Amino acid sequence: MGMREWWRNRRAEKTSNTLILPETEHVDDRALVTGSVDAARTDVTSGAYDLHMFSDENFAEMPYEQVVDDQLALTRIRLFKIARTTVLRHTQRLNRAQAHVDKLTARHDGVLRQIALKTEKLNEQLEILNGTRTGRAGLNWPGTPPNQTTLTSAYFRLLAPYAVFFVVGCVDLGVI
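In the working numbering, the protein residues as written are 2 to 177.
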């Protein structure tokens, strides 16, 4: 893995979790339940339960029962958020992996297409060289072309521009 790919993956991982809410901090339910149990004991020992049952307002539940119900509702909401966040994280990880697989599959298909095109072009050129098919200009090229690059022709190709410049310079000196 090259440096560019490492940086791209690192940047993607760093920014990918910004869309998902962070996990909520752990709340100690036992402390809240213990507090409501203590409130219930206090109500029982003080006789507030009897006063509450026979009060004029006709409350449906004692204050500590309401605290417990509220605590259970908050716990249910918190657990739902934690479950949703966990599911979203796993879904995001799965989607990222699927996108990576799709990207690699597309790259693989592109390479296979290039190989097929190169093979087709090579077969076409071999048919032209074998004489089974004519070339672009309609000419027949049987056999392989001879190797026309020799050491002297290579020197000539390299030195030709300098030789032309030297000849033109000599002609200019002769004219002046």
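Glycine is no exception: its CB is placed at the ideal position from the N, C-alpha and C atoms.
Note that the structure is a prediction, hence the values are computed from the model and not measured.
Look at T151 here: in three-state DSSP terms it is coil, with no helix or strand label.
In the three-state DSSP reduction, R134 falls in the coil class, being neither helix nor strand. A direct Cα-to-Cα measurement between V68 and R42 gives close to 14 angstroms. For E128 against R134, the beta-carbon gap comes to about 4 angstroms, under 8 angstroms, which counts as contact.
Across the structure, T76 and D39 are spaced so that their CA atoms are roughly 19 angstroms apart. Between the C-alpha atoms of L105 and K119 there is a straight-line separation of about 21 angstroms. Straight-line spacing of the CA atoms in R158 and F166 works out to 14 angstroms. Between the C-alpha atoms of T153 and N131 there is a straight-line separation of about 30 angstroms. Each residue's CA atom was taken as its position, placing Q115 and Q126 some 16 angstroms apart.
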